[in-house]
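*Asks:*
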Ligand code: ADP
Ligand code: MG
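Residue numbers (our numbering): 32 to 596.
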């Protein structure tokens with residue numbers, strides 16, 4: 032309810048709650064910081080895992096920030112905003128999510144102190160934006176350039192391989208599955224996969240086309256038995272025992288239509304009065320199926336990959352013609368195959384032509400563990416690869432998949448913007464140092480905001496230090512001292528719990544693009560939270576209303592579930 036010229040005017044629906052001004056802002060800051068608090072302990076290689084149980088009772092154990100925020104059912108709007116930030120960072124660079132949330136949390140924490148000094152949110156936002164822009168410049172100054180030219184040749188790759196290994200090592204070492212032999216195996220596969228899947232751009236950098244890379248998981252054996260396949264692997268078996276298990280020079284029909292007689296949705300009743308009628312009815316069905324198969328044979332296909340089902344009778348006809356077929360293939364795999372084999376997915380068998388067929392040197396069913404899988408190798412587009420991940424249980428295979436994704440993104444990141452920065456909070460401390468000098472040159476109240484931004488960056492060092500059980504204040508002091516002396520690569524060796532003068536000497540390096548993204552996204556998130564001075568929330572829905580899925584998926588229907596206490 033609000034008053035205009037003394038007359039009360041109702042503009043909000045009954046039951047709507049409203050929090051305004053400082054209270055609203057504080058509420059939001061507290062919620063956002065609470066989320067950051069949760070993620071803090073997961074930062075870095077010694078970060079702890081979170082065990083997340085979703086509403087179906089499925090368990091995820093991970094310390095991957097992106098996965099944590101995706102699984103958490105965050106309800107507060109400001110905390111949700113941070114979740115969105117994390118997802119955006121993940122979508123852009125596939126890494127840095129924990130850092131982005133933690134940094135956004137610290138930025139808001141420092142902002143709170145500034146608010147206490149009666150500094151207006153707009154000034155804080157302005158100061159933060161200036162500080163962020165300056166930080167990006169500083170990052171470019173302290174980054175080292177990589178020469179990625181000619182990476183598709185063995186010599187070209189050999190030149191940068193040691194640097195790439197450092198980056199991948201940094202990404203993978205912070206994961207759950209980290210043992211040296213596994214990491215080496217994964218690194219080898221990731222480098223080869225990324226190089227094969229990449230395309231050279233005009234400016235000499237490369238775009239790793241991640242859609243060319245498929246990760247397929249199969250439980251069993253050990254993770255070191257994982258393999259890189261130059262082609263596409265389908266977690267399917269050949270549908271009929273009479274079919275060939277191996278087809279060379281495969282001409283592949285990609286079909287998104289059932290090789291079945293489609294039964295109408297409505298139940299129709301057919302009155303059959305004699306055995307002949309049954310016969311002719313069945314014959315008619317068989318004939319239709321045979322026609323489908325004849326069509327496939329006529330265009331010259333010897334492999335059928337079907338997104339829908341294949342009827343037993345159709346299987347029989349296909350087998351008789353020596354065609355290898357798989358059914359119920361995922362849409363995403365169909366699309367991968369389309370790109371890999373140069374074929375085209377047809378939605379009606381009638382429309383199938385020779386031109387729609389894809390090509391691969393070899394299609395073969397192989398036994399992997401207790402299951403059979405179909406390998407499609409030597410594809411027309413040689414950029415298609417599959418990493419087949421093995422492992423003792425679902426939990427570690429899933430974590431391996433996440434790690435591989437991170438590693439592939441890391442490759443994409445370095446090849447996009449081939450510059451490396453040290454990890455272990457070295458850049459954060461260096462930027463903080465330089466920002467403090469910069470702040471003086473800006474002056475005024477914004478100076479305070481820029482200084483706070485610098486302090487917030489230092490928090491990353493504090494958090495990393497605490498994950499490895501170091502004294503946080505001592506660590507910070509030592510890092511500041513070393514950086515003041517000009518040692519810009521001085522950072523925290525988290526694994527050994529000590530400060531070292533050159534973090535690159537222990538192979539901890541990251542693509543600069545990730546840090547840039549972290550800074551941009553967390554600044555934006557903090558600014559977005561600081562801009563809000565009014566929270567208007569619909570009254571909570573009654574039980575049973577709305578909300579079908581998990582938080583974050585619901586969008587509109589999530590409204591009203593916000594809890595401001
Ligand atoms: P994020 O989700 O932000 O990527 P991570 O858990 O991957 O979070 O941690 C990344 C941080 O950990 C970075 O600041 C990185 O520099 C640091 N880091 C990773 N490995 C090491 C290491 N071996 N020693 C020191 N710092 C490391
Ligand atoms: Mg990471």
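Using N, Cα and C, we set each Cβ at its ideal position, and we do this for glycine too.
#1: I'd like to know whether the C-beta atoms of residue 231 and residue 257 end up nearer to each other than 8 angstroms.
#2: Excluding the five sequence neighbours on either side, which residues of its own chain have a C-beta within less than 6 angstroms of the C-beta of residue 175, listed in chain order?
#3: Any idea if residue 203 is buried or exposed, counting beta-carbon neighbours within 10 angstroms, 16 or more meaning buried?
#4: Between residue 328 and the rest of its own chain, which residues show a CB-CB distance below 8 angstroms, the 5 nearest in sequence each way excluded?
#5: Between which residues of its own chain and residue 431 is the CB-CB distance below 7 angstroms, once the five residues before and five after are set aside?
#6: Span of the beta strand (DSSP E) holding residue 92?
#7: How would you write the range of the beta strand (DSSP E) that residue 258 sits in, first residue to last?
#8: Indicate the three-state DSSP secondary structure (helix, strand or coil) for residue 120 in the structure shown.
#9: Measuring only the C-alpha atoms, how far is residue 87 from residue 97?
#10: Does the stretch 57–64 come into contact with the stretch 139–148, if we say contact requires no fewer than three beta-carbon pairs (one atom in each stretch) closer than 8 angstroms?
#11: Less than 7 angstroms between the CB of residue 76 and some heavy atom of the ligand ADP, yes or no?
#12: By how many angstroms is the C-alpha of residue 131 removed from the C-alpha of residue 285?
#13: Looking only at C-alpha atoms, which of 259, 243 and 291 sits nearest to residue 369?
#14: Where does residue 442 sit, in a helix, a strand or coil, going by DSSP?
#15: Determine the extent of the alpha helix (DSSP H) in which residue 512 is found, giving its start and end residues.
#16: Can you tell me whether DSSP reads residue 239 as helix, strand or coil?
#17: Give me the Cα-Cα distance between residue 398 and residue 436, rounded to the nearest whole angstrom.
#18: Are the beta-carbon atoms of residue 477 and residue 251 separated by less than 8 angstroms?
#19: Quick check: the Cα distance between residue 406 and residue 390, rounded to an integer number of angstroms?
#20: Please go through the same chain and pick out, in chain order, the residues whose beta-carbon is closer than 7 angstroms to the beta-carbon of residue 596, but skip the five residues on each side of it.
#21: Expressed to the nearest angstrom, what Euclidean distance is found between the alpha-carbon atoms of residue 156 and residue 411?
#22: For residue 271, which residues in the same chain have their Cβ closer than 6 angstroms to its Cβ, ignoring the five residues on either side in sequence?
#23: Take residue 445 and list the residues in its own chain whose beta-carbon comes closer than 6 angstroms to its own, dropping the five residues that flank it on each side.
#24: Helix, strand or coil: how does DSSP classify residue 395 here?
#25: When you compare only the Cα positions, how much space is there between residue 293 and residue 424?
#26: What residue does the beta strand (DSSP E) around residue 357 start on, and which one ends it?
#27: Let me check one thing: in DSSP terms, what residues is residue 281 bridge-paired to?
#28: Alpha carbon to alpha carbon, what distance is there between residue 387 and residue 319?
#29: Can you give, in chain order, each stretch of the beta strand (DSSP E) that sits fully within the stretch 313–389 and has at least 3 residues?
#30: Whole angstroms are fine: how far does the CA of residue 245 sit from the CA of residue 310?
#31: Here's the rule I'm using: 16 or more other beta-carbon atoms within 10 Å means buried, otherwise exposed. How should residue 151 be labelled?
#32: Using a threshold of 8 angstroms, state whether the C-beta atoms of residue 135 and residue 466 are closer than that.
#33: Measure the CB-CB distance between residue 416 and residue 260 and report whether it falls below 8 angstroms.
#34: List the DSSP bridge partners of residue 176.
#35: Indicate whether residue 248 and residue 90 have their beta-carbon atoms separated by less than 8 angstroms.
#36: Leaving out five residues before and five after residue 535 in sequence, what residues of the same chain have Cβ atoms less than 6 angstroms from its Cβ?
*Replies:* Per the coordinate set shown:
#1: Against a cut-off of 8 angstroms, the Cβ pair of residue 257 and residue 231 comes out as no contact.
#2: The beta carbon of residue 175 is closer than 6 angstroms to those of 451 in its chain, skipping five residues each way along the sequence.
#3: Flag for residue 203 reads buried.
#4: 352 and 354, listed in sequence order.
#5: If we look at residue 431 and ignore the five residues flanking it on each side, its Cβ neighbours are 208, 254, 420 and 422.
#6: Note, residue 92: beta strand (DSSP E), 90–93.
#7: Per DSSP, residue 258 is one residue of the beta strand (DSSP E) stretching across 258–260.
#8: DSSP places residue 120 in helix when its eight states are reduced to three.
#9: Straight-line spacing of the CA atoms in residue 87 and residue 97 works out to 20 angstroms.
#10: Contact holds: three or more Cβ-Cβ distances are below 8 angstroms.
#11: At least one heavy atom of the ligand ADP is nearer than 7 angstroms to the Cβ of residue 76, so yes.
#12: Linking residue 285 to residue 131 through their CA atoms gives a straight-line distance of about 42 angstroms.
#13: Here the closest residue by C-alpha is 243.
#14: Residue state, collapsed to three classes: helix.
#15: Per DSSP, residue 512 belongs to the alpha helix (DSSP H) from 503–515.
#16: If DSSP states are grouped into helix, strand and coil, residue 239 belongs with the strands.
#17: If I take the Cα positions, the gap works out to 25 angstroms.
#18: No, they are not a contact pair.
#19: Distance between residue 406 and residue 390, taken at the CA atoms: about 13 angstroms.
#20: Confidence at residue 596 is low in this model, with a pLDDT of 34, below 50, so the placement of that residue should be treated as unreliable; the coordinate-derived value is given next. Within the same chain, residue 596 has no close Cβ partners at all.
#21: If you take the alpha carbons of residue 156 and residue 411, they lie about 52 angstroms apart.
#22: Excluding residues within five positions, the ones whose Cβ falls inside 6 angstroms are 346 and 350.
#23: Only 198 and 542 meet the Cβ criterion.
#24: Shown here, residue 395 sits in a strand according to DSSP, grouped into three states.
#25: Rounded to whole angstroms, residue 293 to residue 424 spans 39 angstroms at the Cα level.
#26: 355–357 is the span of the beta strand (DSSP E), which, as asked, contains residue 357.
#27: Paired residues: 391.
#28: In a straight line, the C-alpha of residue 319 is about 22 angstroms away from that of residue 387.
#29: If you keep only unbroken beta strand (DSSP E) runs of at least 3 residues inside the stretch 313–389, you get 334–337 and 355–357.
#30: Going from the Cα of residue 310 to the Cα of residue 245 covers about 46 angstroms.
#31: Exposed, because fewer than 16 other Cβ atoms sit within 10 Å of the Cβ of residue 151.
#32: Their beta carbons are not under 8 angstroms apart, which means residue 135 does not touch residue 466 by this criterion.
#33: Closer than 8 angstroms, so yes.
#34: According to DSSP, residue pairing for residue 176 in a beta bridge involves 450.
#35: Going by C-beta atoms, residue 248 is not nearer than 8 angstroms to residue 90.
#36: 453 and 520.
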